[in-house]
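In the UniProt record's numbering, the protein residues as written are 1 to 223.
Have a look at the structure below before the remarks.
See the structure below:
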């Protein structure tokens, strides 16, 4: 019963459900690409399409987070600017996602050049906010590492360091995955094979769930 309750808690919110669907999608893609099974790749594509469709409604949550963060003055001029930029890139990514949905469904018809530019911008915004997330995670990792050297450190300091390390590792994997979606000629865009990107994304998905459950335990310790 405890496992069922944990699963229900995990799937109750959109963000957590998205983690589960993403992991299922990438696992199927990895399995399908390594075994040459088209049915598994089709199943993966269906799940990916479902995630993309649901992201159309993510604006409110992202906008609320952006407004709550404000101009980032609490983080100083450098890190605050990065935080604001991340929010802008995330919102821009979601708008590009909507345009792609309209194009893919045939509601919006554009010439090939504009279609390409929108799809490239979509992947570029995705890359930018992921890279910023990685840079900010390194700062958090550095802070938790410094706390480990403090003689008056809290008991949960080692756990926080491990959590920050997992977050940074996940962002690094996400960058490898995301950049590969860029058009050829942009960094390593299009260089990796499907099975390699699926493997990287699957590992990132596993880390995402691990970070979620470790974060819950940390919150329980601090409460």
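Where is the CB? At the ideal position from N, CA and C, for every residue including glycine.
How is residue i classed by DSSP in three states: helix, strand or coil?
i           : result
residue 149 : coil
residue 36  : coil
residue 183 : coil
residue 191 : coil
residue 215 : helix
residue 249 : Since the first residue of the chain shown is 1 and the last is 223, residue 249 is not available in this structure.
residue 13  : coil
residue 72  : coil
Taking 7 Å as the CB-CB limit, is residue i close to chain C?
i           : result
residue 138 : Looking for chain C here will not work: only one protein chain is present.
Following the continuous alpha helix (DSSP H) through residue i, name the residue where it begins and the one where it ends.
i           : result
residue 227 : With the chain covering only 1 through 223, there is no way to say anything about residue 227.
residue 62  : 59-69
Going by CA-CA distance only, name the one from the options that's closest to residue i.
i           : options               : result
residue 189 : 108, 179 and 17       : 179
residue 214 : 196, 161 and 171      : 161
residue 19  : 208, 216 and 218      : 208
residue 194 : 25, 172, 219 and 29   : 29
residue 175 : 92, 135 and 145       : 135
residue 158 : 172, 142, 171 and 170 : 142
residue 80  : 167, 132 and 191      : 132
residue 86  : 123, 108 and 128      : 128
residue 90  : 184, 130, 21 and 24   : 130
residue 26  : 92, 196, 219 and 125  : 196
residue 163 : 212, 116, 186 and 184 : 212
residue 45  : 149, 124, 105 and 21  : 21
residue 88  : 122, 114 and 8        : 122
residue 76  : 48, 139, 39 and 57    : 139
residue 182 : 120, 153 and 7        : 120
residue 219 : 52, 156, 177 and 92   : 156
residue 105 : 114, 113 and 49       : 49
residue 125 : 94, 154 and 114       : 94
residue 205 : 185, 170 and 186      : 170
residue 51  : 84, 98, 69 and 71     : 98
Under the rule that 16 or more other beta-carbon atoms within 10 Å means buried, what is residue i, buried or exposed?
i           : result
residue 54  : exposed
residue 216 : exposed
residue 168 : buried
residue 198 : buried
residue 35  : exposed
residue 23  : buried
residue 57  : exposed
residue 226 : Nothing in the structure corresponds to residue 226, since the chain is present only between 1 and 223.
residue 173 : buried
residue 65  : exposed
residue 73  : exposed
residue 151 : exposed
residue 15  : exposed
residue 144 : buried
residue 284 : For the chain, the structure presents residues 1 to 223; residue 284 sits outside this window and is missing.
residue 109 : exposed
residue 32  : buried
Go through the region 119-149 residue by residue and report every complete run of the beta strand (DSSP E) that reaches 3 residues or more, in order. none
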